[in-house]
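Note that the numbering used here numbers the sequence shown so that position 9 is 9, with each residue one more than the last.
All C-beta atoms, glycine included, are put in the ideal place defined by N, C-alpha and C.
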Amino acid sequence: MQPSRRRPPPPWERHSPEPRHPVGRPHRRFPDAAGEAPARYRRAFDGAGDKRVNEGVRLRRRRSTFDRLRQNPVRHGIIGLSIVGTAAPLAVARYASMRTDPSHEQVLNFTPAMPLSDQAVGQAWQTAKTEVEETRTTERDTLIEEKLERYQELGLERELAETIYDLALESDIDPDIAFGLVRTESEFKTQATSHVGAIGLTQLMPSTAKWFQPGIQTRDLRDPKTNLSIGFRYLRELIDKYDGDERMALLAYNRGPGTVDRVLKRGGDPDNGYAEAVLTGRGVH
């Protein structure tokens, strides 16, 4: 059995017979020939230094206001109260003069255009609300007209275009992506059915639709509003799953989230061109 070695003391407990200098060893030996350390190497607070030096250090420390107040609370307390008592009336007088001086409000240009009554606030709110609704209506009509012209050859009708736009906003989906999705999946045909059983405008699988709306029948997926509503909700779920990455969500919509996750886990790229087809609105050729 080997004898255990004694562990060296930690750095903060190691003592050196010589002081450490940033530029090397000192020129003077420490301790000196008499066996005592020079006074300049001794700490003032460890009791080893000169008593007069220690007292000098303590005496040179400036006494704070609280020290003076503790030593003589009556005198310093009265002085403090007298200062406050003199300054407070001056501050109150200054505030009163500012409130009564008409030039103060003129500098601030505080002139209300109308009385701030409940009726005035309500009227302003209604005006702002009307302006926002008019802006939204204009944007809606402009985008719908653009899509009707672009997909005229596919037979897109205004009623279906309006439904796509409104349900996309209801599901927090960009209307451009919504139109691109329907164009790529079904080319705006409500009766479209794929060879694997996907149904309707957004080509929903019945199993996926039942997850969002239990008890739904296959024939219900032929209804444009029902199909679009569930399809857009499904896309919204995928966008949230992939932290707002719309391209990855579209790939998962096409290939399935399980397939996309497995490809990503292996370090691969699940892109197959579907997301680009939807975002550009050209469809899959």
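N-terminal and C-terminal residue of the alpha helix (DSSP H) that residue i is part of
{"i": "Y274", "result": "Y274 to T280"}
{"i": "F232", "result": "P224 to K241"}
{"i": "T142", "result": "D118 to R150"}
{"i": "R247", "result": "E246 to R255"}
DSSP state of residue i mapped onto helix, strand, coil
{"i": "I173", "result": "coil"}
{"i": "L160", "result": "helix"}
{"i": "D269", "result": "coil"}
{"i": "G215", "result": "coil"}
{"i": "E187", "result": "coil"}
{"i": "G258", "result": "helix"}
{"i": "G180", "result": "helix"}
{"i": "A48", "result": "With a pLDDT of 45 at A48, under the threshold of 50, the modelled position of this residue cannot be trusted, and the question is left open."}
Where residue i falls, given that 16 or more other Cβ within 10 Å makes a residue buried
{"i": "Q213", "result": "exposed"}
{"i": "V196", "result": "exposed"}
{"i": "G183", "result": "Correcting the residue identity first, residue 183 is Arg in this sequence and not Gly. The residue in question, R183, is buried, as its Cβ has 16 or more Cβ neighbours within 10 Å."}
{"i": "A277", "result": "buried"}
{"i": "A209", "result": "buried"}
{"i": "G307", "result": "No statement about residue 307 is possible, as the shown extent of the chain runs from 1 to 285 and does not include it."}
{"i": "S186", "result": "buried"}
{"i": "Q126", "result": "exposed"}
{"i": "L251", "result": "buried"}
{"i": "N272", "result": "exposed"}
{"i": "R233", "result": "buried"}
{"i": "T142", "result": "exposed"}
{"i": "G215", "result": "exposed"}
{"i": "G180", "result": "buried"}
{"i": "Q203", "result": "buried"}
{"i": "A120", "result": "exposed"}
{"i": "G258", "result": "exposed"}
{"i": "L228", "result": "buried"}
{"i": "V132", "result": "exposed"}
{"i": "K147", "result": "buried"}
{"i": "G200", "result": "buried"}
Bridge partner(s) assigned by DSSP for residue i
{"i": "L204", "result": "I199"}
{"i": "P193", "result": "Pro is not the amino acid found at residue 193; the sequence shown has Thr there. For T193, which the question treats as bridged, DSSP gives the partners I199."}
Residue i beta carbon near the ligand MG (any heavy atom closer than 7 Å)
{"i": "L204", "result": "This structure simply doesn't include the ligand MG, nor any ligand for that matter."}
8 Å Cβ cutoff, residue i in contact with chain B
{"i": "R255", "result": "Going by chain labels, chain B is absent from the structure shown, which holds only one protein chain."}
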